[in-house]
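Here is the structure we will look at.
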Amino acid sequence: MELKGRAAVITGAASGIGRGAALEFARRGASVLVSDLDADGAREVADEIVAAGGTAKPQQADVSAEDAFVSLREAVLAAFGRVDLVMNNVGVLTRGLPEHLPIDEWRRVLEVNLFSVVRSHAVFVPHFLKQGSGHIVNTASFAGLFTYAYDRQPYAASKAAIVQITEGLRLYLEPQGVGVTLLCPGPVRTNISAGVRTFGPETVTRSPGAAYVAKMPDQVGVRLADAVERNEFMVYTDDKVVEELVARAGDWNGYIARKVAEISGS
Ligand SMILES: NC(=O)c1ccc[n+]([C@@H]2O[C@H](COP(=O)([O-])OP(=O)(O)OC[C@H]3O[C@@H](n4cnc5c(N)ncnc54)[C@H](O)[C@@H]3O)[C@@H](O)[C@H]2O)c1
């Protein structure tokens, strides 16, 4: 699917990866509904796109609201007369040892990260099926592919679930002419850690590994736009992750034993 002439809605597009995708999709000729909880940030990104000669409109939306995606569908149709792509990109992080994370915090993170995607699918899957075309991008994380920390379980659980439901969606929708792409970023320089709360004692923030050099959001935008245009399913921001996944699949017990030794020895 060429992005030129298409209409896209991106959640969490005022910052980081969502902003990088919005700028790149627009550069390739898509009209973008720049949606975010942060209304001023969404307006700034939309203004930036328009100043560069592209087409964009800002739309304030809280993806944890029950009717958020019905409103987004109406907004994108009102703005551009069509919708071809939805990118479910919002994700929030919380930190704390497993016994210190309150259930309400689990609920908040799952509501924002996971149930937003479920609500989006409920609105956009029937729309794209009826239309006979469309593309859905879901943003997961390396945290949903393998385990490198134990102090962010709600986040990792939400991302693992997104991996699973996105895979299922691809199986369901590809034969019906609707594209599905799973964006799995490793470290990317964004604002995701700003304001993250820690429950219980401070923990050491572990990254997926020293081998993964942090990427910039605009690099992720280019990689993702290429994948959408080629209708590819999986987008890693670093292909080295494949070695990690193969090692785990080949000897899961040995892999976990090595991780325990690595973490307890650090
Ligand atoms: N940055 C990384 O290293 C990294 C790695 C793996 C996965 N990711 C994932 O990438 C996605 C984008 O994150 P980012 O790193 O660009 O973070 P970011 O914090 O820079 O951007 C996230 C945006 O989401 C918005 N947002 C937060 N809650 C919202 C809500 N309830 N409704 C609507 N908008 C809301 C924020 O205002 C912000 O503009 C997330 O799903 C994140 O989990 C990021």
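The end of the sequence shown is residue 259 by our numbering, with every number in the run present.
Here a beta-carbon is modelled for each residue, glycine too, at the ideal position from N, C-alpha and C.
- A Cβ-Cβ contact shorter than 9 Å links residue 90 with residue 144.
- Our two residues, residue 58 and residue -3, have alpha carbons roughly 31 Å apart in a direct line.
- The region 90 to 103 makes no contact with the region 75 to 82, as fewer than three CB pairs between them are under 8 Å.
- DSSP places residue 48 in the strand class (E or B) of the three-state scheme.
- Counting along the chain, the unbroken alpha helix (DSSP H) around residue 214 starts and ends at 210 to 222.
- Segment contact: the region 149 to 161 against the region 182 to 194, fewer than three CB-CB distances shorter than 8 Å; contact not assigned.
- Taking the Cβ atoms as the reference, residue 117 lies roughly 7 Å from residue 62, within the contact range of under 8 Å.
- With distances taken between CA atoms, residue 6 lies nearest to 211 out of 137, 211, 224, 141.
- The DSSP assignment places complete alpha helix (DSSP H) segments of no fewer than 4 residues inside the region 2 to 38 at 9 to 20, in order along the chain.
- Beta-bridge pairing by DSSP links residue 88 to 191.
- Two segments are said to touch when three or more pairs of C-beta atoms, one from each, lie closer than 8 Å; by this definition the region 117 to 136 touches the region 157 to 164.
- Assignment of residue 127 by DSSP, reduced to helix, strand and coil, places it in the coil class.
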